[in-house]
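If you want it as structure tokens, here you go:
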């Protein structure tokens, strides 16, 4: 599967975010990095169909069924248990027996299988974000969008979640598009890194393979 963004334009009042922006993504793991400023998240929201572009095309996906989105906040429903939160949509794709099996498999993969009957309010931010990630991977979508999902986590918890997530990504036949402003996060996942900047946003550089070697070059472009 390829994701192609063609001649994308988007403005908010007088603020031009994208002007005939083009990007083709075909690798498994992809990171968009750049300074804070709204362009990176806006791009994900346009791809997901949450924000309407002024012009342009998103080619290669169906926003109604092909996308899972991992936001900065977990968005779990507080009066439902972890298992119930994950069951909200899964039976649209799997029968009950298979759905429960898949829930337990992915919770185990993220080392949180013991909390399936807990309510979100009883869990730490790190555990809730693991549940958020697990829920996104349950849906048989072709594209997973991640908008700075580790932003509010402390370093140790962030590293543990990133480690588990990287292992999952390497086993899944999906395209991952991951937004961050943290160079070390981008390098850790060792995918293709797109550096965005300017106004309107443009691609300032593309890096892949042995990313640690390009760390200083990436930092200079941000």
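Residue numbers (the UniProt record's numbering): 1 to 222.
Positions of the beta carbon are idealized from the N, C-alpha and C atoms, including for glycine.
Quick caveat, the model's predicted, so the values are computed rather than measured.
Sub-7 angstroms separation of residue 179 and residue 44 beta-carbons: Yes, Cβ-Cβ distance for residue 179 and residue 44 is below 7 angstroms.
Own chain residues within Cβ distance below 7 angstroms of residue 142, not counting five before or after: 1, 61, 66, 174 and 175
Range covered by the beta strand (DSSP E) that runs through residue 179: Here the beta strand (DSSP E) through residue 179 covers 175-180.
Under the three-state DSSP convention, the category residue 141 falls into: coil
Span separating the alpha-carbon of residue 11 from that of residue 116: 43 angstroms
Contact between the segment 93-103 and the segment 205-221 (3+ Cβ pairs under 8 angstroms): These segments do not touch.
Classification of residue 74 by the beta-carbon crowding that lies within 10 angstroms, buried from 16 upward: buried
6 angstroms CB neighbourhood of residue 153 in its chain, flanking five on each side removed: Excluding five sequence positions before and after residue 153, the CB atoms of its chain that fall closer than 6 angstroms to its own CB belong to 126, given in chain order.
Closer than 7 angstroms to chain D by CB, residue 6: In the structure shown, chain D does not exist; there is a single protein chain.
Residue 132 burial status per 10 Å Cβ neighbour count (16 or more: buried): buried
Alpha carbon of residue 168 to alpha carbon of residue 16, nearest angstrom: 37 angstroms
For residue 98, the first and last residue of its enclosing alpha helix (DSSP H): 96-109
Helix, strand or coil at residue 81 according to DSSP, with G and I counted as helix: coil
Residue 211 - DSSP class collapsed to helix/strand/coil: Taken through DSSP and simplified to helix, strand or coil, residue 211 comes out as helix.
Distance, residue 177 Cα to residue 162 Cα: Looking at the two C-alpha atoms, the distance is approximately 14 angstroms.
Beta carbon of residue 134 nearer than 7 angstroms to that of residue 90: In this structure, residue 90 does not lie closer than 7 angstroms to residue 134 by Cβ.
Residues sharing a beta bridge with residue 192, DSSP: 30
Segments assigned alpha helix (DSSP H), at least 4 residues, entirely inside the segment 108-133: Taken in chain order, the complete alpha helix (DSSP H) segments of 4 or more residues contained in the segment 108-133 number zero; there are none.
Supposed contact pair residue 211 and residue 230 - C-beta distance, whole angstroms, cut 8 angstroms: Past the edges of the chain, shown from 1 to 222, lies residue 230, and the structure says nothing about it.
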